[in-house]
Amino acid sequence: MTEYQSDIYDMCGGFKAKDVTDTLNVLVRSIAEIMGVKGCSVRLLDERTSSLHVAAAYGLSKSYVDKGPLMLSEGSIEKQILGGKIVSTPDVTREAGAVFREEAEREGIKSILNVPLMSGEHAIGIVRIYTAEVHAFSAEETERLRALSSFGGVIVDRARLSDQMRVLVCIARSISSTLSLDEVLQMITENAASALGMRASSIRLMDPDGRTLEVKAASGLSQAYLAKGPVEIGKSPIDRECLAGKCISIPDISTDTRLQYPEEITMEGIRGMLSVPLRVKGKAIGVLRVYTSTPYEFSNAEIEFLTALASFGAIAIENARLFEHVKTEYEELTKDVWKWYDWGSRFPNI
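Everything in the sequence shown is counted per my numbering, starting at 50 for the first residue and increasing by one.
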């Protein structure tokens, strides 16, 4: 642990804050004080909207912080930073193409230094510091900010792990308290996307003849994309592999030829995809899938979490099947009973 990281650790109370927002707020204040700058902010990537939202800020006015999200576009500075590049702007008021240049000038901001906020090997956001005077950031200052920002990644990682555990507990409780399969599957897709910070998610189940996969629940996908038609297993190698029991990770769909609907996927703005099988009693019955809007290398932890969600989906499906079976048997038994057990006509003297 470096001297700067030790200072951050102490100021954050050893990460004992109850809420990640509180901890990130301590982090940005600490970074601003250690770096001796006007202010600091942390923006987190929202895969679903391809944008960066302020998660914490210090030394900046509310109006400046609330000016809006930063949308990612091809070739944008923000996209370069998320790609691992460190970007400094010596004088933002002289950058004609700078986003929110006028707002920065009113805020009294001159120079900005940006470093990617990393979670393992993935960039999940941006840490940014601001000065009130024109300043050329040195290599030593850049390295210091990079080292300090690494704690932001640790904080967000821990918060997301906690969120994922809460999601699993919540879904487990829902499975035991409701027999509505549609509700549980929809809950799984919504939480798969939100807990992993992905753009979208879907569950497809195999039809009775085993030839196609039909959408049963989805979150974050357009109606046009969902209406493109069923996945024909014979025309979708990745789904055949997934149904065979493999977790299929596609970091960039533009380089993969195993997809049945490549044009529709591209038009939807999907770039990365992770698929895991839904299995009941050892037999694959469907696929749980999450999507990203940028090329993305899925981590082992993300694959494990999605696999756990798929297991819950399989339990919900099996519970629903057993309930329908019992319900049908009960209805048939009731009909049989009333065929011979006619109280009024068979036993008139009782």
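Yeah, the Cβ is synthetic: ideal placement off N, Cα and C, and Gly gets one too. This one's a predicted model, so the numbers in the text were calculated from it and none came from an experiment.
Under the DSSP definition of a beta bridge, which residues are partnered with Ala-333? Arg-328
Tell me the DSSP secondary structure of Thr-306 in three-state form. coil
Select from Ala-267, Ile-366, Val-216 the residue whose C-alpha is nearest the C-alpha of Ala-244. Val-216
Restricting to runs no shorter than 3 residues, where is the beta strand (DSSP E) found entirely within the region 91-117? 100-107
So, does the region 358-368 touch the region 315-334, judging by three or more C-beta pairs under 8 Å? yes
For chain E, is any of its Cβ atoms less than 8 Å away from the one on Ala-276? No chain E appears in the structure shown, which is made up of a single protein chain.
Cβ-based neighbour list, Arg-338, same chain, cut-off 6 Å, excluding 5 preceding and 5 following: Ser-251, Ser-324
Is it right to say Met-167 is buried, meaning 16 or more other beta carbons lie within 10 angstroms of its own, or is it exposed? buried
Would you call the CB atoms of Leu-131 and Ala-172 closer than 8 Å? yes
Just checking my contact of Ser-137 with Leu-121 at CB under 8 Å: how many whole Å lie between their CB atoms? In fact, because the Cβ distance is near 20 Å, the residues do not count as touching under 8 Å.
Can you give the Cα-Cα distance for Arg-92 and Gly-174, rounded to whole angstroms? 5 Å
Can you tell me where the alpha helix (DSSP H) with Val-86 in it begins and where it stops? It is not in any alpha helix (DSSP H) - Val-86 carries neither H nor E in the DSSP assignment.
Should Met-214 go down as buried or exposed, given a rule of 16 or more other Cβ atoms within 10 Å for buried? exposed
From the DSSP output, in three-state form, read off Val-148 for me. coil
Residues in the same chain with beta-carbon distance under 6 Å from Met-84, minus the five sequence neighbours each way, listed in chain order, please. Ile-178
Examine the Cβ distances between the region 197-205 and the region 69-81 and report whether three or more of them are shorter than 8 Å. yes
Going by other Cβ atoms of all chains shown within 10 Å of its Cβ, with 16 needed for buried, is Pro-165 buried or exposed? buried
Is the beta carbon of Val-280 sitting closer than 8 Å to the one on Arg-253? yes
Exposure of Asn-349, with buried meaning 16 or more beta-carbon neighbours within 10 Å: exposed
Endpoints, the beta strand (DSSP E) within which Glu-263 is located: 261-268
Leaving out the 5 sequence neighbours to the left and right, which residues in its chain are closer than 6 Å to Ser-303 when beta-carbon positions are compared? none
Ordered along the chain, which non-local residues of its own chain (more than five positions away) have a Cβ less than 6 Å from that of Arg-209? none
Here's the rule: buried if 16 or more other CB atoms are within 10 angstroms of the residue's CB, otherwise exposed. What is Lys-159? buried
Rounded to whole angstroms, how far is the Cβ of Tyr-340 from the Cβ of Met-316, which I believe are closer than 8 Å? Not quite, the Cβ-Cβ distance comes to about 13 Å (not below 8 Å), so this is no contact.
Residue nearest to Glu-154 in terms of C-alpha spacing, selected from Glu-144, Phe-186, Leu-162: Glu-144
Selected residue, minimal CA-CA separation from Lys-265, among Leu-275, Asp-258, Ser-271, Gly-259: Leu-275
Quick check on the DSSP output: the alpha helix (DSSP H) that includes Ile-126 runs from which residue to which? 126-131
Among Asp-206, Lys-134, Leu-162, Arg-248, which has the Cα closest to the Cα of Gly-318? Arg-248
Please report the residue range of the alpha helix (DSSP H) in which Ser-243 lies. 230-245
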